[in-house]
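Those protein sequence lines, which keep their order, are chains D and L. Residues in the first sequence are numbered from 1 upward in steps of one, following my numbering. Residues in the second sequence are numbered from 1 upward in steps of one, following my numbering.
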Amino acid sequence: MAADNATYALELRDLRKSFGKTEIIRGANLAVAPGERVAIIGPNGAGKSTLFNLISGRFAPTSGDVILNGQRINGMAPYEINRRGLSRSFQITNIFPKLSVFENLRCGVLWSMGYKYTFLRFLSNLHDANERAKQLMEMIKLDKKRDTLAMNLTYAEQRALEIGITIAGGANVILLDEPTAGMSKTETSRFIHLIKEVTEGRTLLTVEHDMGVVFGLADKIAVVVYGEVIAFDTPDKVRANQRVQEAYLGSVIAEEQGAGH
Amino acid sequence: MNSTTHPVSGATSHYRFKPWNVGRFVIWTLFAVALIVAPMLFRSSLALTMLSQIGYLIIICLSYNMLLGQGGMLSFGHAVYTGLGSFIAIHAMNLAGKGALPIPLVFIPLVGGLAGMLFAVLLGYVTTKKAGTTLAMITLGIGELGGSIALMFPEVFGGEGGITTDRVYGQSFFGITFGPAIQVYYLIAVYCFICTAAMFAFTGTPLGRILNAVRDNPERVEFIGYNTQRVRYFAFIIAGFFAGIGGGLATINFEIVTGADSLNVVRSGGYLLFTFLGGATFFFGPIIGAVLLVLASVLLSELSKAWLLYLGLVFLFMVMYAPGGVASLIMMNLRLAKFGKLRQLWTSYLALAGTALVGVMGAACMIEMTYHLQLNAALGPELTFLGATLNAKGFTSWFGAVFVMVTGFALFELCRRQFVRQWSRIQEEIEHEIKRGEAL
Chain D
1 MAADNATYAL ELRDLRKSFG KTEIIRGANL AVAPGERVAI IGPNGAGKST
51 LFNLISGRFA PTSGDVILNG QRINGMAPYE INRRGLSRSF QITNIFPKLS
101 VFENLRCGVL WSMGYKYTFL RFLSNLHDAN ERAKQLMEMI KLDKKRDTLA
151 MNLTYAEQRA LEIGITIAGG ANVILLDEPT AGMSKTETSR FIHLIKEVTE
201 GRTLLTVEHD MGVVFGLADK IAVVVYGEVI AFDTPDKVRA NQRVQEAYLG
251 SVIAEEQGAG H
Chain L
1 MNSTTHPVSG ATSHYRFKPW NVGRFVIWTL FAVALIVAPM LFRSSLALTM
51 LSQIGYLIII CLSYNMLLGQ GGMLSFGHAV YTGLGSFIAI HAMNLAGKGA
101 LPIPLVFIPL VGGLAGMLFA VLLGYVTTKK AGTTLAMITL GIGELGGSIA
151 LMFPEVFGGE GGITTDRVYG QSFFGITFGP AIQVYYLIAV YCFICTAAMF
201 AFTGTPLGRI LNAVRDNPER VEFIGYNTQR VRYFAFIIAG FFAGIGGGLA
251 TINFEIVTGA DSLNVVRSGG YLLFTFLGGA TFFFGPIIGA VLLVLASVLL
301 SELSKAWLLY LGLVFLFMVM YAPGGVASLI MMNLRLAKFG KLRQLWTSYL
351 ALAGTALVGV MGAACMIEMT YHLQLNAALG PELTFLGATL NAKGFTSWFG
401 AVFVMVTGFA LFELCRRQFV RQWSRIQEEI EHEIKRGEAL
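Structure representation (structure tokens):
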């Protein structure tokens, strides 16, 4: 079975999730090719974040399959999924507040470099892990804040650190949950550039509300409405899609134009 | 990338966290010297007993802080691992004394350590399944269990009377019999130094760092590849090992272990309380805690019958006003000293200490009189406290005590307000200096 699916980095097959009697995800299907950048859009409460939580192992799906690099991962714990090459960020900043920037990133690096639960070696002697953490720090432009505790960073810096931790382990599928939420326009455009840079060559899925970000970042757009993926195509085709217009995009574009006046 | 302009990230620069830099070398040397010369400075037999107790309590409190301070695990059952370590150690000693086990006394603490580790492997698996409140409740349950099981199996735990042993057995270790207390002290001191160094080293390892991450944000750790349950479990086992070593050393020191004393929840509570008082947020905090524990239980209890009440009050105020313990107070002042601001504060400190002392004196007089009325009523209403004769039933004594207390605390409050203003001004100055330093 692995051979069939190996062409996709991430695949969802008739994925369903119910909380009590309410079905939130109602048969979602999606197939993301390696290296693709996919933006997931949809109205509030459509199930975008739940979809991320199902993929990353925070919740187990009620039925259906999640297939990562040809392997079924549904029902696995978050750390098992992470070890198989999928890493995610969070909508609400989720870092290690009492550790320094460097320590935050080094924690993200350790498992993938094989150091696991080691307690017989000093961190300071793990040159490859330190070197990698330093590179990450430069990539997310926080090298001047090396020893600053994460809780003392600005909001934008914390968001950058969040992404740094997410990519630290070298996962080839990256899930970013509203990476630019709460940022100013200028910060956002800089941040899109940063995201493109650090996820170069990897498969990226991102939940995003800002249409500017979506069209600036994504190769493909998946539209989620009421727990289903109603469209999955290139930005131009999604924009032209009648069903998407009716269900979601029409209202968003009207809103943005309204806000512009 | 423009990052190379920063000195830290230059290609040739090395990482700052060296395990053996000069400052650290000096501190460890001082620690070793302190352990060596302490019994030469305090020569009485009481002092020697206290020093020995401090020695193994440092190990125990540090091992406890591996859970509390580094892993965020609030355990109410640490005495289970020290106590079981003690019991296995004493049985090993008795077997060795009979010639059935070829273990010299110097390795008995390791037997205790392995026992502590073994029980941590067994019981820790259940304990560390969950974190936070659930973990605290499980440890409390296991702590109670340990105490009651000790009384259920008198053949293993010796019942009420406990188990006794003789530490002088077998051949002497290079001429050392470990009969005299001073030899036992140095055995404890050696273990204390090695264990402290090992536990400090642990904080610089991958597991030690991830343990901090689990403390701060367990959810995120799950998404960077780590099983948080495993991280807690492994840390728990290592803490159990060092706790057991401490237990083994206690056995050698006292040559007796009783279940009611070594395994009960009150003992666990003591480790928690004093680790917290010493300061759980810094590595060296529990060392201070261990010293305070011995001073309180040996000296304070001699001084007053109400010592547990005083201890409770101190704990209360520390939790409220200095949750980082004594260690955090020291570190805050070292920070001031680093920026050359400490000198501005010493008059304030003197005023605070003086007024607090007056207030506490007044309060202590009242507490002592109340205790006297309750416990020593047969001896008449008069008692002497700190050289003054008080009449527990007399108006003047009570009025005087209230007056002293109110005056003291009122003046203290005035000084405190002044001090708070001064303190925040200095902090602002320091922040400013740091900002300026960063901008350069």
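Yeah, the Cβ is synthetic: ideal placement off N, Cα and C, and Gly gets one too.
| Item | Value |
| --- | --- |
| Which partner residues of Thr206(D) appear in the DSSP bridge assignment? | Ala39(D) and Leu176(D) |
| Roughly how many whole angstroms lie between the Cα atoms of Gln374(L) and Leu277(L)? | 30 Å |
| Which residues, in chain order, does the segment 189 to 209 of chain L contribute to contact with chain D at a C-beta distance below 8 Å? | Ala201, Phe202, Gly204, Thr205, Pro206, Leu207, Gly208 and Arg209 |
| Would you decide whether Tyr125(L) is buried or exposed? Buried here means 16 or more other CB atoms lie within 10 Å of its CB. | exposed |
| Check each residue of the segment 57 to 76 of chain D: if its Cβ is closer than 7 Å to any Cβ of chain L, include it; give the result in chain order. | none |
| Roughly how many whole angstroms lie between the Cα atoms of Leu336(L) and Val257(L)? | 46 Å |
| Is the Cβ-Cβ distance between Leu217(D) and Ala39(D) less than 8 Å? | yes |
| How is Ala150(L) classed by DSSP in three states: helix, strand or coil? | helix |
| Please list, in chain order, the residues of the segment 38 to 62 of chain L that have any C-beta partner in chain D closer than 9 Å. | none |
| Assuming Ala156(D) and Glu197(D) make a contact with CB atoms under 8 Å, what is their CB distance in whole Å? | About 16 Å separates the two Cβ atoms, so there is no contact after all. |
| Look up Asp233(D) in the DSSP assignment and give the residues it is bridged to. | Ile221(D) |
| Please list, in chain order, all residues of the same chain as Asn104(D) whose beta carbon is under 8 Å from its beta carbon, the five residues on each side excluded. | Ile95, Phe96, Ala150, Leu161, Gly164 and Ile165 |
| Would you please verify whether the beta carbon of Arg88(D) is less than 8 Å from any beta carbon of chain L? | yes |
| Determine the extent of the beta strand (DSSP E) in which Phe409(L) is found, giving its start and end residues. | Segment Phe395 to Ala439 is the alpha helix (DSSP H) holding Phe409(L); no beta strand (DSSP E) there. |
| Return the bridge partner residues of Leu136(D) from the DSSP annotation. | None; Leu136(D) has no bridge partner. |
| Does Pro78(D) get closer than 8 Å to chain L when you measure Cβ to Cβ? | yes |
| Measuring straight from C-alpha to C-alpha, what distance separates Tyr233(L) and Met211(D)? | 46 Å |
| Using the beta-carbon count (16 or more within 10 Å), is Thr370(L) buried or exposed? | exposed |
| Return the residue from the list Val224(D), Arg243(D) and Asn125(D) that minimises the CA-CA distance to Glu45(D). | Checking the sequence shown, residue 45(D) turns out to be Gly, not Glu. If we check each option's Cα against that of Gly45(D), Val224(D) comes out closest. |
| Where does Pro19(L) fall in DSSP's three states? | Per-residue confidence for Pro19(L) stands at a pLDDT of 48, beneath the threshold of 50, marking its modelled position as unreliable; no derived number is given. |
| So which residues of chain D does Asp216(L) contact, with C-beta pairs closer than 8 Å? | Phe96, Pro97, Lys98 and Leu99 |
| Could you tell me whether the Cβ of Ala280(L) comes closer than 8 Å to any Cβ of chain D? | no |
| Between Gly32(L) and Leu84(L), what straight-line distance do the alpha-carbon atoms span, to the nearest angstrom? | What sits at residue 32(L) in the sequence shown is Ala, not Gly. Each residue's Cα considered, the two are about 29 Å apart. |
| Does the beta carbon of Leu105(D) come closer than 8 Å to any beta carbon on chain L? | no |
| Could you check the C-alpha separation between Ser304(L) and Met76(D) for me, to the nearest Å? | 59 Å |
| Evaluate Gln418(L) with the Cβ neighbour count: other Cβ atoms within 10 Å of its Cβ, from every protein chain shown; 16 or more gives buried, anything less gives exposed. | exposed |
| Would the beta-carbon of Ser262(L) fall within 8 Å of that of Ser75(L)? | no |
| Name the DSSP bridge partner or partners of Leu383(L)? | Leu390(L) |
| Please report the distance separating the alpha-carbon of Arg202(D) from that of Ala9(D). | 9 Å |
| Tell me whether Glu187(D) sits in a helix, a strand or coil according to DSSP, three-state version. | helix |
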